[in-house]
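Read the structure below first, then the notes.
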């Protein structure tokens, strides 16, 4: 029945490939999707836009079979379907590239691509006869037909202009390359629909352009692509249509040709948004942090930071721009005393702090907003009060003899929660239950209330929604105005450009260039980030 | 002439004492590569030693003993599997429990077997080869299990690194959630690997009571199971390195016995300590190596897989 209608329309772009109707998905304590309608047509790039926690990923996880909806209908190619596992989704032709890649780093590209697939039985192994059937069985269980797979992978890669080395180990690849492996993996399984969850978060501007070119080629060849994102310029550039979700509800589906960033932001947040946090020129003062020819090793024992030199001054934000994995994490850990300095010097207000114990570094006045808030920034199962007290626990103001002064602690925490606008029912609930934005506010409150002279902020807005990002950025600028030195590490180049006074570009562990923000532009920084000055 | 005889006896001693370690280490490598740590090797070996001995004693065939040993130790390993894979409980605690269970169970059940000589494997005799001077003695005068252990190494290497099953085992041990989304049955693969590990540990134990000696002695594994676990780390989870490591340890044990019989003026307690002291040394070295190069250890080792939980 449905087949007929499909055939009549043939390659018509209006045919909905996927139709999701009135999808409801509840998790304990929240409704992630509340009667959401969604459809994507064959051959289109469809943007799924919304703040964090708007329910975008949940909706797509339902389509990919990771979650099952509480109510609502899904149909694919005109047939109602009940997708109960990713495997089932793949069989239907739905592939998904998650934010955290589902690859096995230790295996090769090719091995990752064929993982979990039964080998196809070649002609020479078909046919009757006892011996062949035994051989066939043996092949099914043990066989690994890498030759055929290799030809197909190369063929697919060429078709979409993807560069890929089938025999490289996945851990040796850059994040961008790993993403390509994920896409190939889905295509190899004959996906007709490809869902990409925040695919650009880890890419350089150049890589983003390449990705979008490729998606365009795919769409022209009849593939359908759903792009989950919260970046407005991306959806406008890359997508044909855009569906906006807010608080788990469908706001609207619009044609990207007919919308602007301002419209979309309003749909997404529900109010007007300030796009540019005011940044005024300031005069930098005394040198606070000085890093001199620093070399640090990564976990694999290879040089992650190689002879990096820079300094940060009072009343200045120095942004470190670079694609993740170029030594940023190791650099920050070394400054905070969490990773051994192999050679070179780190000085704080003229005093050397290389390889000093972290506690001593903290006490001298270094505040740290770590990249991994959930694991490094906080103890998620402890309460707000306890987390705020960390780092302050031995301060005389909170102690009476050997015991903590509970009233003093409670008073201070209540004041901070109010001052930093942490939205919570009580200060005695575990931090893990709060939203990302509120968690980040707690870390900010804890670090800033110690009045550090140097604040190191690593990915301070990653994964936050537009409102919280605005808050964090304003706060950083406010701190700078008060004369603090700020070292900002961000994968979001727009953010780095907007907040920093100077930008240090890191590539393969070297600070390749330090630029004044007002003398440079996105394009130039992007090029240096991609190693453009090196080769 | 003394040196040649001494050398032959040390080398053959290394191989004989190393063979049970080869089996147990290979088994534990398979288990751990799927992401399950089974510290119960010692317990599974001792169960294998006793059930092998009983099996061969009543059937008069060492092969029946081997089958019995592999099955019984395999069954014991399934207890670990059930606790850790199905019930997701702590792998360390469960493993230690398997050791205590195995040692206790065999002390109790093996009481009647103490002091009996059983039916074991005879050394093979290859025409011409076995009669070669030196080489014949060092290479061609062992029982069949020794050669089986050697053959098992390339077989497992092929299985783990060149087949679909091996790929799936690696995937389950590295990232079970990824494996799951690709339709690989995580729990089934882990059960398979744990059972294989148990059977091989049992075979290692049977070697002790059917070939190395032909008697049953209470707690005759004497810590070899723990050495096997250390050897897994030394071997960096690779079968080929396990063979080298096992013979090296066999050599230390062989040497220690020769020194004792040669009447060196050192207390035999100190000499007996040698393999275990060497274990600590090896762990120190390989810990440094693995910290430096992040070699080996499966990413999901000791982590139970719960579908839908965050990675």
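Chains as they are written, first to last, in the numbering used here: chain D, 1 to 535; chain C, 536 to 846.
For every residue, glycine included, the Cβ atom is placed at its ideal position computed from N, Cα and C.
* CB of residue 781 of chain C within 8 Å of CB of residue 553 of chain C, strictly -> In this structure, residue 553 of chain C lies closer than 8 Å to residue 781 of chain C by Cβ.
* Asked: So, helix, strand or coil for residue 54 of chain D, using DSSP?
  -> Under the three-state reduction of DSSP, residue 54 of chain D is assigned to coil, being neither helix nor strand.
* Extent of the continuous alpha helix (DSSP H) run through residue 496 of chain D -> Run containing residue 496 of chain D: 493-499, per the alpha helix (DSSP H) assignment.
* Can residue 267 of chain D and residue 235 of chain D be called in contact, C-beta distance under 8 Å? -> Judged by their CB atoms, residue 267 of chain D and residue 235 of chain D are not nearer to each other than the 8 Å cut-off.
* Asked: Closest to residue 550 of chain D by CA distance: which of D:341, D:61, D:323 is it?
  -> Shown here, chain D extends from 1 to 535; a query on residue 550 of chain D therefore has no answer.
* Can at least three beta-carbon pairs, one atom from the segment 570-579 of chain C and one from the segment 735-742 of chain C, be found at a separation below 8 Å? -> Touching, yes.
* Asked: For residue 510 of chain D, which residues from the same chain have a beta carbon less than 7 Å from its beta carbon, with the 5 sequence-adjacent residues on both sides left out?
  -> Closer than 7 Å at Cβ, skipping near neighbours: 306, 307, 308.
* Counting only the same chain and skipping the five closest in sequence on each side, list residues whose C-beta sits under 8 Å from that of residue 256 of chain D. => Sequence-distant partners of residue 256 of chain D (beyond 5 residues in either direction) whose C-beta falls short of 8 Å from its own C-beta, in its chain, are 47, 235, 236, 239, 240, 241, 242.
* Which stretch, first to last residue, makes up the beta strand (DSSP E) that contains residue 319 of chain D? -> From DSSP, the beta strand (DSSP E) with residue 319 of chain D extends over 316-321.
* Complete runs of the beta strand (DSSP E) confined to the segment 388-474 of chain D [at least 3 residues] -> Listed in chain order, they are 454-458.
* Contact set between residue 111 of chain D and chain C, taken where Cβ atoms lie within less than 9 Å -> Residues of chain C whose Cβ lies closer than 9 Å to the Cβ of residue 111 of chain D are, in chain order, 702, 705, 706.
* Asked: Can a CB atom of chain D be found closer than 8 Å to the CB of residue 846 of chain C?
  -> Confidence is the limiting factor: at residue 846 of chain C the pLDDT is only 38, short of 50, which leaves the residue's position unreliable and the question unanswerable from this model.
* Runs of beta strand (DSSP E) lying entirely within the segment 299-351 of chain D, each at least 3 residues, in chain order -> Segments of the beta strand (DSSP E) lying fully in the segment 299-351 of chain D: 303-313, 316-321, 341-348.
* Asked: When the cut-off is 8 Å and only beta carbons count, does residue 737 of chain C lie next to chain D?
  -> Residue contact check for residue 737 of chain C against chain D: no CB pair falls below 8 Å.
* Rounded to whole angstroms, how far is the Cβ of residue 570 of chain C from the Cβ of residue 836 of chain C, which I believe are closer than 8 Å? -> Indeed they touch by this definition, with Cβ atoms about 6 Å apart.
* Which ranges would you report for the alpha helix (DSSP H) in the segment 169-211 of chain D if only whole runs of at least 4 residues count? -> List check, alpha helix (DSSP H) in window: 175-188.
* To do: Decide if residue 185 of chain D is buried, meaning its Cβ has at least 16 other Cβ atoms within 10 Å, or exposed.
  => It is buried - the Cβ of residue 185 of chain D has at least 16 other Cβ atoms within 10 Å.
* Select from the segment 715-726 of chain C all residues with a C-beta closer than 9 Å to any C-beta belonging to chain D, and list them in chain order. => Residues of the segment 715-726 of chain C with a C-beta atom less than 9 Å from some C-beta of chain D are 715, 716, 717, 718, 719, listed in chain order.
* Please specify which runs of the alpha helix (DSSP H), each continuous and at least 4 residues long, are wholly inside the segment 651-701 of chain C, giving them in chain order. => Given a length threshold of 4 residues, each whole run of the alpha helix (DSSP H) inside the segment 651-701 of chain C is given here in chain order: 670-674, 679-697.
* Asked: How many Å lie between residue 422 of chain D and residue 372 of chain D at the Cα?
  -> Computed Cα separation, rounded: 19 Å.
* To do: Please report the Cβ distance between residue 151 of chain D and residue 526 of chain D, rounded to the nearest whole angstrom; I am assuming they are in contact, meaning their Cβ atoms lie under 8 Å.
  => So it is not a contact: roughly 35 Å between Cβ atoms.
* residue 612 of chain C, buried or exposed, once every other Cβ within 10 Å from all chains shown has been counted against 16 -> That one is buried.
* Asked: On the three-state DSSP scale, how would you describe residue 739 of chain C?
  -> The DSSP-derived three-state label of residue 739 of chain C is helix.
* Can you give me, in chain order, the residues of the segment 60-94 of chain D that have a beta carbon less than 8 Å from any beta carbon in chain C? => 66, 85, 86, 87, 90: these are the residues of the segment 60-94 of chain D whose beta carbon lies less than 8 Å from some beta carbon of chain C, given in chain order.
* Around the Cβ of residue 593 of chain C, are there at least 16 other Cβ atoms within 10 angstroms (buried) or fewer (exposed)? -> Classified as exposed, residue 593 of chain C has fewer than 16 neighbouring CB atoms from the shown chains inside 10 Å of its CB.
* Below 7 Å between beta carbons is the criterion; list the residues of the segment 567-584 of chain C that meet it against any residue of chain D, in chain order. => The residues in question: there are none.
* Local conformation of residue 17 of chain D per DSSP, three classes -> For residue 17 of chain D, the secondary structure class from DSSP, reduced to helix, strand or coil, is strand.
* Hey, is the segment 768-778 of chain C in contact with the segment 558-566 of chain C, meaning 3+ C-beta pairs nearer than 8 Å? -> Here the segment 768-778 of chain C lies against the segment 558-566 of chain C, with 3 or more beta-carbon pairs under 8 Å apart.
* **Residues that residue 268 of chain D bridges to, as DSSP identifies them** => DSSP, once it has assigned bridges, lists no residue as partnering residue 268 of chain D.
* To do: Find the residues of chain D that neighbour residue 709 of chain C, judging by a C-beta separation of less than 7 Å, and give them in chain order.
  => The contacting residues are 104, 106.
* Leaving out five residues on either side along the sequence, give the residues of the same chain with a beta carbon under 7 Å from the beta carbon of residue 522 of chain D. => Counting only residues of its own chain and dropping the five nearest sequence neighbours on each side, residue 522 of chain D has a CB closer than 7 Å to the CB of 205, 493, 497.
* Interface flag, residue 138 of chain D vs chain C, CB-CB below 8 Å -> Interface criterion not met: the Cβ of residue 138 of chain D is under 8 Å from no Cβ in chain C.
* Return yes when the Cβ of residue 45 of chain D is within less than 8 Å of the Cβ of residue 322 of chain D, no when it is not. => In this structure, residue 322 of chain D sits away from residue 45 of chain D, with a CB-CB distance that is not shorter than 8 Å.
* Please list the partners that residue 142 of chain D has in chain C, where partner means a Cβ-to-Cβ separation under 8 Å. => Under the 8 Å cutoff, chain C gives 694, 698, 699, 700.
* **Interface residues of chain C facing residue 119 of chain D [CB-CB closer than 7 Å]** => Within 7 Å Cβ-Cβ: 699.
* With respect to the beta strand (DSSP E) encompassing residue 715 of chain C, which residues constitute its N-terminal and C-terminal limits? -> Here residue 715 of chain C belongs to no beta strand (DSSP E); instead the alpha helix (DSSP H) covers 711-716.
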